[in-house]
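Below is one structure, written out as structure tokens; the observations come after it.
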Amino acid sequence: MRFPSILSPFEELVSDETQNLASTRDEQITNEAYRPLGEAEVSPAEISVVTPATTSALAARSPPGSPGHALQRNQARHLLLCALEREDRNMSLPIARLPTEVMRYIFQSDADDHRMSPGERLEVDKTWLRLGNVCRLWRRIVFSMPEIWADDLFAFGKDRWMRALPLTKGAPLDVDLLWGCSLKDVGSDQDALSIVSRAWRISTSKSGEEDVRIIVDAVCSTSLPLFQTLTLNNPRNEEGGPPTTAQMAEHPRLQLLSLTNIYLAPSVHGRLSTLKVNLSGIKDYLKPSLDAVLQLLLGNTQLCTLELRHCYPAVRPGPGLTAPRVAFPFLSTFHLEYAFVDNSAEIFNYLWLPNLRYAKVHAQFLDLNSTLDVTRRLLAFSNSRSLFITAPGPPYHWAKLRRWGKFNLEPLAVELGICLAVKSSSRTLERPATFVIEQY
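Sequential numbering from 698 applies to the sequence shown in this note's numbering.
Pasting the structure below:
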């Protein structure tokens, strides 16, 4: 079965008969390549000066069996012979003597450095696809490497990614649903689930509700042994849309989880290194409780990056979870965004962050006093000698921020026995500035 070429500029010119000629190099190829079809009499010299674009335009006006159609097929055969000739020349180069497996490693390295950018226009010369245009030997190697096709499958864009899917064979897929790509393109939900089950990474930053629903069904019902990364963006929750909370199945290799307007609870005793939860787009009664979030955190103490943005209700019913403070020895980056200080700051009663290096604190109403309270807690349980805390503040003049730092941070520094400095990233009065609290 002949796969429709993505790389070749003359894919529509080459017939199945011409493809079969590619396997031999005897005199029959030459004779067949230049034998006129029908009543057309065209010399090789005339063929060589005709471009694929010219023959395509001519063929569009020429019915099968006409001289124009014969010229088109002869031009395709001429291009095939040129490719065979280039392959023979390339085989004499030192790189051609490398084992195929070594060439695969080289191609993989090039593919890592020249990934395809999702977009409407596919620029072959700027991506690893250009390797297939060097010679037929390199082309065969590119088409026999399912991993590089699987990593950039959805970068081909809408409709075209389905044509490249057979080239991925059984390789783990990078399911990045951008630029109109949708799992619905494959047909039934069962076919879409088979795509998800092969994924090592899933990203739905610009997907619709149907794609989100398919992915949620898959990751919550079946254990995916290859699954490592999930970035899920749920559109503003409407009635009949995807659920806002659900329990994930066991995914032993899941390391990065980023959720926006949806909460999928992973395994309590997992291997997460990065957790980002942003529930600012859903109502409080649909959010998980603070206790549920804490149980998840306390079961993943190997976290390196943690981002919590409005991820639990402002009001906490009941006395809350009884648990000792747990150390997160690898956590270096922490982002906290909240609306009410009392409940949000309570999370610090359970966390110990000895190696925290960078923290971002964002109070919904840009209140400096609440920011100071969270800052105090961050500084108190961090043993790091170099800590940067950034916080969006109200549009105060930089001089006022300096006075605020003098009367609030200096006493805090004396109390904790550390050195602190405050500075603003902007001196404008028109928009909120980000100020930085630096421990040194």
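We put the CB at the ideal spot given by N, CA and C, even for glycine.
Skipping 5 residues on each side, what residues in its chain have a beta carbon closer than 6 Å to that of residue i?
i	result
His811	Thr824 and Trp825
Glu1127	Residue placement at Glu1127 is flagged as unreliable, the pLDDT there being 42, under the threshold of 50; the coordinate-derived value follows with that caveat. Here the set comprises nothing.
Asn787	Ala793 and Cys832
Asp807	Trp825
Asp871	Asp848 and Arg898
Thr1002	Thr971 and Thr1030
Ser955	Thr928 and Lys973
Leu976	Lys984, His1007 and Cys1008
Ala915	Leu890 and Val893
Does the distance from the CB of residue i to the CB of residue j come in under 8 Å?
i	j	result
Leu874	Asp908	yes
Leu1005	Leu1048	no
Cys917	Leu961	yes
Thr797	Ile838	yes
Pro869	Leu795	no
Glu847	Ser814	Rather than Glu, the amino acid found at residue 847 in this sequence is Ala. Cβ atoms of Ala847 and Ser814: not closer than 8 Å.
Gly996	Val974	no
Pro1010	Ser986	yes
Leu862	Leu850	yes
Ser891	Asn930	no
Residue i bridges to which residues according to DSSP?
i	result
Trp1049	Ala1024
Phe1031	Leu1003 and Ala1056
Leu870	Ala896
Asn997	DSSP output for Asn997 lists no bridge partner at all.
Lys980	According to DSSP, Lys980 bridges with nothing at all.
Asn787	Partner(s): none; Asn787 has no beta bridge.
Leu972	Leu954 and Leu1003
Ala962	Gln944
For residue i, tell me which candidate among the options has the shortest Cα-Cα distance.
i	options	result
Thr919	Ala1056, Ala946, Val913 and Pro791	Ala946
Arg860	Thr1068, Val839, Pro963 and Asp882	Asp882
Gln805	Phe853, Ser841 and His948	Ser841
Val799	Trp835, Asn1052, Leu1050 and Ala896	Trp835
Thr928	Ile899, Gln944 and Pro791	Ile899
Val893	Leu921, His948 and Phe1027	Leu921
Pro1026	Leu994, Ala767, Leu768 and Leu819	Leu994
Thr941	Glu906, His948 and Arg950	Glu906
Trp858	Leu828, Arg827, Leu819 and Leu890	Leu819
Cys878	Asn771, Ala773, Arg827 and Asp856	Asp856
Pro843	Leu790, Lys866 and Leu976	Lys866
Gln999	Ala989, Lys984 and Ala1024	Ala1024
Ile803	Leu828, Thr1068 and Thr1072	Leu828
Arg950	Gln769, Val913 and Ala896	Ala896
Give me, in chain order, the residues of the same chain whose beta-carbon lies closer than 7 Å to that of residue i; leave out the 5 immediate sequence neighbours on both sides.
i	result
Asp886	Ile911
Tyr1055	Ser1029, Thr1030 and Phe1085
Lys980	none
Arg783	Cys832
Ser745	At Ser745, the pLDDT of 39 sits below 50, so the modelled position is not reliable and the matter cannot be decided from this model.
Glu1107	none
Cβ of residue i versus every heavy atom of the ligand MG: is any distance shorter than 7 Å?
i	result
Thr941	Among the components modelled here there is no ligand, and therefore nothing to report on the ligand MG.
Leaving aside the five residues before and after residue i along the sequence, list all residues of the same chain whose C-beta is less than 8 Å from its C-beta, in chain order.
i	result
Gln952	Gln925, Thr926, Arg968, Leu969, Ser970 and Thr971
Leu1075	Phe1031, Phe1045, Leu1050, Leu1053, Ala1056, Val1058, Leu1084 and Ile1086
Gln944	Cys917, Leu961 and Ala962
Tyr982	Pro1010
Gly884	none
Arg801	Ile838 and Met842
Where are the alpha helix (DSSP H) runs, 4 residues long or more, that stay fully inside the segment 890-960, in chain order?
-> Positions of the alpha helix (DSSP H) runs, each at least 4 residues long and wholly inside the segment 890-960, are given as 906-918 in order along the chain.
Any chance you could list the alpha helix (DSSP H) runs of at least 4 consecutive residues sitting entirely within the segment 826-888, in chain order?
-> Correct list: 833-840, 843-848 and 857-861.
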